[in-house]
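Asker: First the structure, which I've put down as structure tokens, then a few questions once you've had a look.
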Amino acid sequence: MIPVDVVLIGRNEGARLVAALTSVMGQARQVIYVDSGSADDSVAEARRAGATVVALDMSKPFTAARARNAGFAALKDPQFVQFIDGDCVLIDGFVQAGHAHLIANPDLGMVTGWRSEIYRDASVFNQLADFEWRRPAGEILTCGGDMMVRAEAFRAIGGFDPAVIAAEDDEFCTRLRKGGWRLERIPREMTRHDADTHRFGQWWTRAVRTGHGFAQVGDLHPDYFVRERRRVLAYALVLPILILVALLIWWPLAVLLSGAYALNYGRTVQGLMRDGLPRTEALCHALFITLSKFPNLIGMATYGLRRRRNAQMRIIEYK
Numbered sequence: 000m001i002p003v004d005v006v007l008i009g010r011n012e013g014a015r016l017v018a019a020l021t022s023v024m025g026q027a028r029q030v031i032y033v034d035s036g037s038a039d040d041s042v043a044e045a046r047r048a049g050a051t052v053v054a055l056d057m058s059k060p061f062t063a064a065r066a067r068n069a070g071f072a073a074l075k076d077p078q079f080v081q082f083i084d085g086d087c088v089l090i091d092g093f094v095q096a097g098h099a100h101l102i103a104n105p106d107l108g109m110v111t112g113w114r115s116e117i118y119r120d121a122s123v124f125n126q127l128a129d130f131e132w133r134r135p136a137g138e139i140l141t142c143g144g145d146m147m148v149r150a151e152a153f154r155a156i157g158g159f160d161p162a163v164i165a166a167e168d169d170e171f172c173t174r175l176r177k178g179g180w181r182l183e184r185i186p187r188e189m190t191r192h193d194a195d196t197h198r199f200g201q202w203w204t205r206a207v208r209t210g211h212g213f214a215q216v217g218d219l220h221p222d223y224f225v226r227e228r229r230r231v232l233a234y235a236l237v238l239p240i241l242i243l244v245a246l247l248i249w250w251p252l253a254v255l256l257s258g259a260y261a262l263n264y265g266r267t268v269q270g271l272m273r274d275g276l277p278r279t280e281a282l283c284h285a286l287f288i289t290l291s292k293f294p295n296l297i298g299m300a301t302y303g304l305r306r307r308r309n310a311q312m313r314i315i316e317y318k
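No gaps in the numbering here: position 268 of the sequence shown is 267 in numbering that gives the first Met the number 0, and each next residue is one more.
Quick look at the structure:
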């Protein structure tokens with residue numbers, strides 16, 4: 000068997016975890032399941048499937064980064080590690096393809112592939128996630144948490160930062176690049192994801208978490224998430240303030256300034272269509288992308304307040 004191990008993390012994933020475990024068994028030399036305080040049968044299901052279970056100490060705030068580090072630490076002599084979340088299934092063949100690509104390119108610290116939604120059309124929020132996952136193959140700056148990492152590279156940078164509660168994968172990848180490693184997305188299906196997002200409130204909370212990631216990772220790496228932070232501040236803070244001031248001074252100016260949102264929306268629609276999204280979906284997706292700047296701002300402000308108060312960085316759950 001090729002020397003690839005799997006670290007699978009989860010919390011109350013239920014049937015999704017069973018599917019994830021089924022998909023990795025037989026594809027990996029070792030399978031570690033890291034549980035973050037599940038109240039369901041996750042631990043029992045993992046043991047039944049034959050995985051080694053690591054239960055996080057829940058007296059400390061848990062994060063996906065902390066869970067992945069714990070899983071890596073539980074492996075015996077790892078060489079290549081496939082990280083996967085408990086709401087995903089691993090596609091047959093990716094482990095072999097990823098391993099072969101890493102062997103052929105010693106300067107690569109990590110490879111990833113394509114993730115897609117199992118129930119893409121169950122909700123517009125699932126569609127948004129599916130489009131977010133699909134990015135071109137080739138050399139990349141960062142990727143999501145499903146990735147195959149060279150153990151040597153993981154150790155060299157000290158693994159994931161356990162204090163980062165969102166976009167911890169972006170932060171990890173940024174340090175890999177700064178450590179001299181290249182990252183690639185190979186043109187292979189890697190995982191299928193079950194976002195299970197059907198309510199506006201779930202989407203809003205996820206967008207708040209994303210904003211927290213923009214701020215926290217941007218604080219650690221000022222050269223990253225620059226455009227994202229600027230857009231949030233421009234459309235969710237500066238522009239609303241200018242519109243309110245204009246309403247007090249001369250209301251036609253407020254109407255003119257409000258047109259910036261329409262212009263941004265139109266550009267977003269065109270961009271989504273250029274990337275291959277059908278027009279009807281692009282019109283809907285662009286609305287949520289435009290609106291997302293407001294929960295993003297809440298997330299950024301949440302991080303700022305936590306940092307100022309020296310408070311713990313606790314995760315923001317949306318499921």
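Ideal Cβ positions, reconstructed from N, Cα and C, are used throughout, including at glycine.
Just so it is clear, the structure is predicted and the values come from calculations on it, not from any experiment.
With a Cβ-Cβ cutoff of 8 Å, do residue 102 and residue 145 count as a contact?
Answerer: Here residue 102 refers to the residue found at position 103 of the sequence shown. Here residue 145 refers to the residue found at position 146 of the sequence shown. For residue 102 and residue 145, no; Cβs fall outside 8 Å.
Asker: Roughly how many angstroms separate the alpha carbons of residue 16 and residue 167, rounded to a whole number?
Answerer: Residue numbering aside, residue 16 sits at position 17 when the sequence shown is read from its first letter. Residue numbering aside, residue 167 sits at position 168 when the sequence shown is read from its first letter. Answer to the nearest angstrom: the Cα atoms are 21 Å apart.
Asker: Hey, how far is the Cα of residue 176 from the Cα of residue 113?
Answerer: For this step, residue 176 is matched to residue 177 along the sequence shown. For this step, residue 113 is matched to residue 114 along the sequence shown. Computed Cα separation, rounded: 20 Å.
Asker: With distance defined between alpha-carbon atoms, name the residue in 22, 36 and 29 nearest to residue 11.
Answerer: As a first step, residue 11 is located in the sequence shown; it is residue number 12 there, counting from the start. Considering only alpha carbons, the answer is 36.
Asker: For a test of the three-state rule: what should DSSP assign to residue 187, helix, strand or coil?
Answerer: In the sequence shown, the residue the question calls residue 187 occupies position 188. Residue 187: strand per DSSP, three-state reduction.
Asker: Please return the same chain residues whose Cβ sits closer than 6 Å to the Cβ of residue 106, not counting the five positions on each side in sequence.
Answerer: In the sequence shown, counting from the first residue as 1, residue 106 sits at position 107. Hits under 6 Å: 181.
Asker: For the alpha helix (DSSP H) containing residue 99, list its first residue and its last residue.
Answerer: As a first step, residue 99 is located in the sequence shown; it is residue number 100 there, counting from the start. It spans 93-103 - the alpha helix (DSSP H) in which residue 99 sits, taken as one unbroken run.
Asker: Identify, in the order they occur along the chain, each residue of the same chain with its Cβ nearer than 7 Å to the Cβ of residue 161, setting aside the five sequence neighbours on each side.
Answerer: For this step, residue 161 is matched to residue 162 along the sequence shown. Once the five neighbours on either side are set aside, the close Cβ partners of residue 161 are 62, 64, 65 and 68.
Asker: With a CB to CB cut of under 6 Å and the five nearest residues on each side skipped, what residues in its chain are close to residue 1?
Answerer: The count along the sequence shown starts at 1 and reaches residue 1 at position 2. Here the set comprises 98.
Asker: Does the contact criterion of 3 or more C-beta pairs under 8 Å hold for the stretch 258-269 versus the stretch 197-204?
Answerer: The stretch 258-269 is not in contact with the stretch 197-204.
Asker: At the level of alpha carbons, what is the spacing between residue 80 and residue 282?
Answerer: As a first step, residue 80 must be located in the sequence shown, where it is residue number 81. As a first step, residue 282 must be located in the sequence shown, where it is residue number 283. When rounded, the distance between both Cα atoms is 39 Å.
Asker: Note down the Cα distance separating residue 27 from residue 253, rounded to an integer number of angstroms.
Answerer: Residue numbering aside, residue 27 sits at position 28 when the sequence shown is read from its first letter. Residue numbering aside, residue 253 sits at position 254 when the sequence shown is read from its first letter. Computed Cα separation, rounded: 59 Å.
Asker: Just to confirm, are residue 194 and residue 128 a CB contact at a threshold of 8 Å?
Answerer: Along the sequence shown, read from residue 1 onward, the residue named residue 194 stands at position 195. Along the sequence shown, read from residue 1 onward, the residue named residue 128 stands at position 129. Yes, these two residues count as a Cβ contact at 8 Å.
Asker: For residue 90, which of 187, 247 and 307 has the nearest alpha-carbon?
Answerer: By one-based count along the sequence shown, residue 90 stands at place 91. Among 187, 247 and 307, the Cα nearest to that of residue 90 is on 187.
Asker: When DSSP labels each residue in this structure, what does residue 72 get in the three-state scheme?
Answerer: For the purposes of this step, residue 72 is taken as residue 73 along the sequence shown, with counting starting at 1. In the structure shown, residue 72 sits in a helix (DSSP, three-state: H, G or I).
Asker: Among 75, 149, 197 and 309, whose alpha-carbon lies nearest the alpha-carbon of residue 120?
Answerer: By one-based count along the sequence shown, residue 120 stands at place 121. When only C-alpha atoms are compared, the closest one is 197.
Asker: In terms of DSSP beta bridges, what is residue 32 paired with?
Answerer: In the sequence shown, the residue the question calls residue 32 occupies position 33. Residue 32 pairs with 7 and 52.
Asker: Could you compute how far the alpha carbon of residue 304 sits from the alpha carbon of residue 213?
Answerer: By one-based count along the sequence shown, residue 304 stands at place 305. By one-based count along the sequence shown, residue 213 stands at place 214. Cα-Cα distance, rounded: 14 Å.
Asker: Looking at residue 183: is its Cβ nearer than 8 Å to the Cβ of residue 138?
Answerer: Looking up residue 183 in the sequence shown gives position 184. Looking up residue 138 in the sequence shown gives position 139. Yes.
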